[in-house]
Amino acid sequence: MCEGYVEKPLYLLIAEWMMAENRWVIAREISIHFDIEHSKAVNTLTYILSEVTEISCEVKMIPNKLEGRGCQCQRLVKVVDIDEQIYARLRNNSREKLVG
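The opening residue of the sequence shown carries number -11 in the working numbering; numbering runs sequentially from there.
Written out as structure tokens, the structure is:
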């Protein structure tokens, strides 16, 4: 999956873990596995889905049985591919930081 060592941001660590799991994942699982707040897990998932074009995901929504909550659906996400270009981009960013 990764060519050489790259200092990885949290969103990429999460995406790699999700891809290795090879199953549908919810934000609560991410928050537990990475020991982060649930809101940070939700925000990171949203970032992966909306901003990171090198990470391909499938998404499905299931009805939430809890009453009195604003969101009535739970988002399940499965990472199906991480383009190798993301690692090249991160390596280039790391080099620029060292030079700059």
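For glycine and all other residues, C-beta sits at the position ideal for the given N, C-alpha and C.
For E4, the closest C-alpha among the options N31, V65 and S27 is that of V65.
Note on I50: under 16 other CB atoms within 10 angstroms of its CB, so exposed under the neighbour-count rule. Shown here for L1: same chain residues with a beta carbon closer than 8 Å to its own, the five before and five after excluded, namely F22 in chain order. Spatial neighbours of C61 in its own chain (CB-CB distance under 7 Å, excluding positions within 5 residues in sequence) are listed in chain order as M49, I50, P51 and N52.
The continuous beta strand (DSSP E) containing V47 extends over residues I43 to P51.
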